[in-house]
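Here is the structure we will look at, set down as structure tokens.
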Amino acid sequence: MTDRMLPLAQDVVDHAVHGSYCPKMCNHTCPVLRATGRSDAVPWSFHRTVADLADGRLTPDEAAGRLVACTGCDACAGGCHVEGQDVPAQVRAGRAAVHAVGASLPAVADAVAAVEQGRSPYGGTPARGLRAAAPTITVLAGCRDDELLVTDAVRLLGAAGESVAVVVPAGCCGGVLRDLGAVDEADEARASVASQLPASGRIALLDPHCRAETEASAPDAQVVDLISVLADHVESGALSLDGAPEVVRWHEPCLLVDGPAGNRGPSVLAGAGSLVELPGEVHRGCSGGGMGMELLDETAAEEVAQRRRAQLAGPGPIVTGCAGAARRFAASGAEAHHLVTLLADLLDDDPESVA
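Just so we're aligned: 98 in the working numbering is position 28 of the sequence shown, and the numbers increase by one with no gaps anywhere.
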């Protein structure tokens, strides 16, 4: 351990050291490595960086620049032959260690400052919340969910018979800040959100990146993905959507692959009349929008989005359940829509204002 007292837990260091001797069998699974070809995007490189940071072979300043090209998709776990490895967790721990000693990249300081000013880490202005006297469900908006998306979510749930409240974090739920290594600031953001969330009942996540923070903020509530809620309503007949047959290409957000909403997006789209095309590589197909990579390394994020866009090539727009992914695809030149927006366009009602 260095004399700078880096806050790296011993189990994280042990796993990183162990992983640094691995045979690199997971390289073919990493979407960043496959899109960029960069040596610092090799999962092994993150093991080595954290291990070298812990024993002083790398300074915090040197390590900071080697911990950017990870989207947190955890695809590498599928090809890993070394027990107990969690590459995204090691990257977060390394980022937290360098941030704690003031060596994090300028983009991290910019994100922290934006949240302190009540803005998204990505610089945008959050949507407005919505109160309800006796809500049957509370929607938590993410920092990349704009007001139109929130309004569309409220419309869909209302059409299914739900009474909806909307909670919007003052900048961030804590998830993006934690991904960037700003742990103390993330804890403050989580506490702020916790004070607004109901202690029990259902909390629907508009952004899947908010799950860990929400479950910690409201441990007695039922935290669900909005896609799961919409799928249940479509399958039960509570939400009726009549759309003309249209071919769409479904992008599965990598954080939903293993969750309860995993692969339910296509069934919702089919229920709305869409003809869903699935790419050959459905799972872990990252858009480049995770773990704050687009803030830390915009070039790598763009290359990953372009590669994923090529995988999804075909007729019709790309539809996804993540606002960050939709934004990445749109920036790459693709026609991309959030699932909620596409479904809301099929409703025959007057949009409610979110106030």
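No residue lacks a Cβ here, since even glycine has one placed at the ideal position from N, Cα and C. A quick note: this is a predicted structure, and the numbers were derived from the prediction, not measured.
Item to complete: State the DSSP-derived secondary structure class of R319, mapped to helix, strand or coil.
Response: In the sequence shown, the residue the question calls residue 319 occupies position 249. Residue state, collapsed to three classes: strand.
Item to complete: Let me know the secondary structure DSSP gives T284 once reduced to three states.
Response: For the purposes of this step, residue 284 is identified with residue 214 of the sequence shown, where counting begins at 1. Judged by DSSP in its simplified three-state form, T284 adopts helix.
Worksheet item: On the premise that S190 lies in contact with A184, defined as a C-beta separation below 8 Å, what is that separation, rounded to the nearest angstrom?
Response: In the sequence shown, counting from the first residue as 1, residue 184 sits at position 114. In the sequence shown, counting from the first residue as 1, residue 190 sits at position 120. The Cβ separation is near 6 Å, so the contact holds.
Discussion item. Quick check on the DSSP output: what are the complete alpha helix (DSSP H) runs of length 4 or more inside the region 328 to 415, in order along the chain?
Written reply: Segments of the alpha helix (DSSP H) lying fully in the region 328 to 415: 335 to 341, 363 to 366, 368 to 381, 393 to 401, 409 to 414.
Practice prompt. Can you check DSSP and say which residues form a bridge with L210?
Written response: Translated into positions along the sequence shown, residue 210 becomes position 140. Looking at the DSSP assignment, L210 forms a beta bridge with V237, L275.
Fill in: For G355 and G335, the rounded distance between their alpha carbons
Here residue 335 is taken as the residue at index 265 of the sequence shown, counted from 1. Here residue 355 is taken as the residue at index 285 of the sequence shown, counted from 1. For G335 and G355, the distance between alpha carbons rounds to 15 Å.
Worksheet item: Whose CA, out of M95, C242, H279, L218, lies closest to the CA of L413?
Response: Counting from 1 along the sequence shown, the entry for residue 413 is found at position 343. Across the set M95, C242, H279, L218, the C-alpha of L218 shows the shortest separation from the C-alpha of L413.
Discussion item. Could you tell me the alpha carbon to alpha carbon distance between T141 and V263, rounded to whole angstroms?
Written reply: In the sequence shown, residue 141 corresponds to position 71, counting from 1. In the sequence shown, residue 263 corresponds to position 193, counting from 1. C-alpha separation (whole angstroms): 24 Å.
Item to complete: Put Q187 into one of helix, strand or coil per three-state DSSP.
Response: For the purposes of this step, residue 187 is taken as residue 117 along the sequence shown, with counting starting at 1. Q187 falls in the coil class under three-state DSSP.
Worksheet item: When DSSP labels each residue in this structure, what does A266 get in the three-state scheme?
Response: Here residue 266 refers to the residue found at position 196 of the sequence shown. Per the sequence shown, residue 266 should be read as Gln rather than Ala. Correct three-state label for Q266: coil.
Item to complete: On a CA-only basis, which of D156, D110, A134 is nearest C143? Give me that one, please.
Response: For the purposes of this step, residue 143 is taken as the residue at position 73 of the sequence shown. Among D156, D110, A134, the Cα nearest to that of C143 is on D156.
Practice prompt. Go to Q80, then tell me how far its alpha helix (DSSP H) extends in each direction, as first and last residue.
Written response: Against the sequence shown, residue 80 aligns to sequence position 10. Segment 80 to 89, the alpha helix (DSSP H) holding Q80.
Worksheet item: Looking at the structure shown, is V294 part of a helix, part of a strand, or coil, going by DSSP?
Response: The residue you call residue 294 lines up with position 224 of the sequence shown. In this structure, V294 counts as strand in the three-state DSSP scheme.
Fill in: Own chain partners of L128 with C-beta closer than 6 Å, once the 5 adjacent residues on each side are dropped
Translated into the one-based positions of the sequence shown, residue 128 becomes position 58. D122.
Worksheet item: For the alpha helix (DSSP H) that Q155 lies in, which residues bound it at each end?
Response: In the sequence shown, counting from the first residue as 1, residue 155 sits at position 85. Looking at the DSSP string, Q155 is not in any alpha helix (DSSP H), and its letter there is neither H nor E.
Discussion item. Between the alpha carbons of D277 and C92, how many angstroms are there, rounded?
Written reply: Against the sequence shown, residue 277 aligns to sequence position 207. Against the sequence shown, residue 92 aligns to sequence position 22. About 34 Å.
Item to complete: Figure out for me which residue from P385, C242, V299, G154 has the closest Cα to the Cα of Q266.
Response: Indexing the sequence shown from 1 puts residue 266 at position 196. Relative to Q266, the option among P385, C242, V299, G154 whose CA is nearest is C242.
Practice prompt. Would you decide whether T221 is buried or exposed? Buried here means 16 or more other CB atoms lie within 10 Å of its CB.
Written response: Within the sequence shown, numbered from 1, the residue matching residue 221 stands at position 151. Of the residues assessed, T221 falls on the buried side of the cut-off, its CB having 16 or more other CB atoms within 10 angstroms.
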